[in-house]
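Numbering (this note's numbering), first residue to last: 173 to 368. For reference, the structure is listed below as structure tokens.
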């Protein structure tokens, strides 16, 4: 597998990124009691967002490379992967993946047209059919397995078992915290700007 070479989308100016790079040095020496500072909290949020955006770009590039030999794209693999264990309606797939229903619908229709997935009746909702992989779709995902396993082994060797597991736990905690903020007060997640 060749290394991903495309750059993630820039969400901040170079000066902001430089500031965040220097902030990393500063944060290394911050004690837990000092994290209450509003500016530090904002900087941590910015660094988190920029890091996740960068990771998203990296994972998309890697996923494209892994999926290509199986005749899939990263997006097709993502949708097929969401229904490997159980069939789901398009809205359920979109909710689980954090993307729009329209995007999933477009990909699901393509997968069905290519014979990689099929729609099945949904006993819970007559109009919202369930998407499930065909044998051909399962076979395509299975062909990704060796490359996926090799990358997992290389990443584990790079990070170490414990650090890799903690990284996963930290990302899951972050996603859960953001879900909690959104469900507690959807309009409070992104507050309205204060008038000047």
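Virtual Cβ for every residue (Gly too), placed ideally from N, Cα, C.
For residue 345, the three-state DSSP class (helix, strand or coil) = Indexing the chain shown from 1 puts residue 345 at position 173. Residue state, collapsed to three classes: helix.
Local conformation of residue 290 per DSSP, three classes | The residue given as residue 290 occupies position 118 in the chain shown. DSSP, read as helix, strand or coil, puts residue 290 in strand.
On the premise that residue 283 lies in contact with residue 248, defined as a C-beta separation below 8 Å, what is that separation, rounded to the nearest angstrom?
-> Your numbering for residue 248 matches position 76 in the chain shown. Your numbering for residue 283 matches position 111 in the chain shown. Confirmed, about 6 Å.
Residues near residue 270 by beta carbon distance below 6 Å, same chain, minus five either side = Taking the chain shown and counting its residues from 1, the one referred to as residue 270 is at position 98. Within the same chain, and ignoring the five residues on either side of residue 270 in sequence, no residue has its Cβ closer than 6 Å to its Cβ.
When we look at the beta-carbon of residue 332 and count the other beta-carbons within 10 Å, is it buried (16 or more) or exposed?
-> As a first step, residue 332 is located in the chain shown; it is residue number 160 there, counting from the start. Residue 332 is exposed by the Cβ-count criterion.
Is the stretch 246–266 in contact with the stretch 312–319, if contact means three or more CB pairs nearer than 8 Å?
-> Cβ pair count under 8 Å is three or more, so yes.
Hey, would you say residue 336 sits closer than 8 Å to residue 327, going by beta carbons?
-> Position 164 of the chain shown, counted from the first residue, corresponds to residue 336. Position 155 of the chain shown, counted from the first residue, corresponds to residue 327. It is a contact, given that the beta carbons lie within the stated cut-off.
Who are the Cβ neighbours of residue 293 in its own chain at under 8 Å, not counting the five residues just before and after it?
-> What you label residue 293 is simply residue 121 of the chain shown in a count that begins at 1. Counting only Cβ-Cβ distances below 8 Å, and skipping sequence neighbours, we find 301, 302.
Can you name the residues that DSSP bridges to residue 318?
-> Taking the chain shown and counting its residues from 1, one reaches residue 318 at position 146. In the DSSP output, where bridge partners are listed per residue, residue 318 has none listed.
Taking the continuous beta strand (DSSP E) assigned at residue 304, which residues delimit it?
-> Taking the chain shown and counting its residues from 1, one reaches residue 304 at position 132. Its beta strand (DSSP E) spans residues 302–305.
Does DSSP put residue 259 in a helix, in a strand, or in coil?
-> As a working mapping, residue 259 is identified with position 87 in the chain shown. Residue 259: coil per DSSP, three-state reduction.
Under 8 Å between the Cβ atoms of residue 236 and residue 245?
-> Walking along the chain shown from the start, residue 236 turns up at place 64. Walking along the chain shown from the start, residue 245 turns up at place 73. A contact, by the Cβ cut-off of 8 Å.
Closest to residue 221 by CA distance: which of 346, 273, 317, 355 is it?
-> To locate residue 221, count along the chain shown from 1; it is residue 49. If we check each option's Cα against that of residue 221, 346 comes out closest.
The alpha helix (DSSP H) with residue 215 in it runs from where to where?
-> Here residue 215 corresponds to residue number 43 of the chain shown, with the count starting at 1. Unbroken alpha helix (DSSP H) run through residue 215: 210–239.
Short check: CB of residue 305 to CB of residue 289, under 8 Å?
-> Residue 305 sits at position 133 when you count from the first residue of the chain shown. Residue 289 sits at position 117 when you count from the first residue of the chain shown. Yes. Within cutoff.
Among 340, 299, 233, 342, which has the Cα closest to the Cα of residue 263?
-> Mapped onto the chain shown, residue 263 falls at position 91. It is 299.
Take residue 243 as the anchor and find which of 309, 213, 215, 273 has the nearest alpha-carbon.
-> In the chain shown, counting from the first residue as 1, residue 243 sits at position 71. With distances taken between Cα atoms, residue 243 lies closest to 309.
For the alpha helix (DSSP H) that contains residue 357, what are its first and last residues?
-> Translated into positions along the chain shown, residue 357 becomes position 185. Note, residue 357: premise wrong, no alpha helix (DSSP H); not H, not E.
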